[in-house]
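Read through the structure below, which is laid out as structure tokens, and then see the notes.
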Amino acid sequence: MSKAVYLAGDFSGIQRYVLGVKSAGKAQAKRLRARSFLLELFEHAALWTIKERLCIADDDVLVRGGGGFLIRIPPDTDPVRLEEIRSGLQRKLWDESGGEIHLSLGWAETPLTARARLEVQKCRIGFSMLQSSGGWNPEGWCQPPLDKPCEVCRQAPGQQSVQEDEGEEVLHCRSCLEARKLGENLTRWKWMRPGGSSVRVLGVAFETLEIQTPESFQVGRWIPRHSDSREPLTFQEIAAQARNDRRLAVLKADVDDMGVRVGQIAGEDRSYSRLRSFSYSLHEFFGQTIQELLAKSWPLIYTLYAGGDDLLLVGPWNVVLDFAGTLAREFETGPAQEYSPLTLSAGIALTSYRVPIRHAVECAEELLESAKERPGKNRCAALGADWSWRQHKPVVGDGKRLADWVEAGVAPRSLLHRLLRLAESAKPLSAARWAYQIERNVPRRHTDFHRWANHVLEYIERDGQRVNELAASLRYALLATRPQKEGRDD
Ligand SMILES: [Zn+2]
């Protein structure tokens, strides 16, 4: 029996490409949507090209989604042919993404070695651009001079001014014009498949479909819309739906120790069919199940990216915090049940809609990293603290109850500030000062509040670390009760 050969692929520069757009104005949400869609098409087109050129069956695509793939290819595949495919795809990607996205490919007789070769390839990004057939091609690096750069991406020469929603003229380059056109069409498209002529990406034509077929994939991701006009909501309009403080939250979530788990699952079964079902069920969970859930129950949440083993969402801050709990539960009863041990962590960063969303994405990433540094991972980092998913509902729930109490006049809002100062400064929390503040500010008849305050002292006495969760609940309540001044919305 001949041995198989494995081809690993990985896209880099994804986040910079998707988020690297002009952020001022109402068009930010539209541009992000078009770019994340184009990115999905790049992935489909690259995979399709490789499958067609090497005559690969679907069963041999072992891992896909999340900006990478692993394919089993015929053992007698000519390496020269693979090199050709690689440089061809890289060249087209370079042109069509304005030099932002790179595809690295590595192949070997085991998935692990293929992956290692791919890492080496990644270090030589751009190398193939410098090689033309048989020699060096110094022109490969040269971009045209940027006298008047595109005002959207600032990466390519501007070609045409386009009037935006607010009437502002914005200079676009060729690829940003394409993305803009795509973005406008996206609202109408439902399914796509290779073939036809609706749109061409990396030399692969795609057509749009009204219904799902075996080769089709769902176009675009869930985004909030006006109920009457079906026009997408702007980030400002999404923020306006938040509880009191009109802030957005960016949620970034991904599977903990993904690389380790992939290695274990691959080791369990040499035919890699379990690895394949693992990859597909994760991709389906993030790319489909969660999307359906948003459409059904969380219509105010905007999807920046969903697929592979991760998720990037934006929504009204309090809605996103609630949704995070649902996401963790769905994951636990879904993929985590089938492929245990498998956990998920999330970072949630709050931001104003006026600030470019990429800053909050960076913050959410840092928070996610901090959650993953804790032993056991499986956590959510937000509101200046992090907690295990088991505590998510109590942390958010206490925040809501406190806000409700303030709104109902049970306790003054200034008490929240004092309690937060206590929680932040005194470690361990001073029970005497805590009780003093409660007695002084909340009448005895509000027994619920007093019961809650006693309960807090009990759990913090048992576990001093949980004072951080208390602080998070207090911050939640402060945001949810922040006085709104006329005209202030950030
Ligand atoms: Zn541009």
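Residues 141 to 630, numbered by the working numbering, are exactly what the sequence shown covers, in order. Beta carbons are placed, not taken as given, at the ideal position from N, Cα and C, and that holds for glycine. Small disclaimer: the values here were computed from a predicted structure and weren't measured.
In this chain, residue 493 is not harboured by any alpha helix (DSSP H), its DSSP state being neither H nor E. One Cα belongs to residue 474, the other to residue 451, and the distance between them is close to 16 Å. Taking each of 422, 145, 161 in turn and checking the Cα distance to residue 238, the smallest one comes out for 161. Rounded to the nearest whole angstrom, the CA to CA distance from residue 555 to residue 569 is 16 Å. Using a Cβ distance threshold of 8 Å, residue 333 and residue 347 count as a contacting pair. For residue 537, there is no enclosing beta strand (DSSP E); the residue is found in the alpha helix (DSSP H) stretching over 532-547. In this structure, residue 392 keeps its C-beta atom at 8 Å or more from the C-beta atom of residue 246.
Distance from the CA atom of residue 178 to the CA atom of residue 345, rounded to whole angstroms, is 13 Å. Straight-line measurement puts the Cα of residue 216 at about 43 Å from the Cα of residue 508. Between residue 354 and residue 169, the C-beta spacing is not below 8 Å. Residue 495 counts as exposed, since fewer than 16 other beta carbons sit within 10 angstroms of its beta carbon. Within the model, the alpha-carbon separation for residue 149 versus residue 324 is close to 30 Å. Where residue 419 is concerned, the enclosing alpha helix (DSSP H) starts and stops at 413-424. In this structure, DSSP gives residue 453 an extended state, which the three-state scheme calls strand. Per DSSP, residue 292 lies in no beta strand (DSSP E) and is assigned neither H nor E. Collapsing the DSSP output to three states places residue 352 in coil. In chain order, 383, 384, 543 place their CB closer than 6 Å to the CB of residue 620, counting only its own chain and leaving out the 5 sequence neighbours on each side.
Counting the other Cβ atoms within 10 Å of the Cβ of residue 588 gives fewer than 16, which makes it exposed. Around the beta carbon of residue 184, 16 or more other beta carbons lie within 10 angstroms, which makes this residue buried.
Secondary structure of residue 303 (DSSP, three-state): strand. A distance criterion of 7 Å places the beta-carbon of residue 315 in contact range of ligand 1, judged by its closest non-hydrogen atom. Secondary structure at residue 211: strand, using DSSP grouped into helix, strand and coil. If you look at residue 199, you'll find it isn't in any alpha helix (DSSP H); DSSP assigns it neither H nor E. Excluding five sequence positions before and after residue 167, the CB atoms of its chain that fall closer than 6 Å to its own CB belong to 304, given in chain order. Note on geometry: alpha-carbon atoms of residue 155 and residue 234 lie some 16 Å from one another. Residue pairing by DSSP puts residue 443 in a beta bridge opposite 453. Annotation for residue 245: the continuous beta strand (DSSP E) segment containing it runs 242-248. In this structure, the straight-line span from the alpha carbon of residue 264 to that of residue 152 is close to 12 Å.
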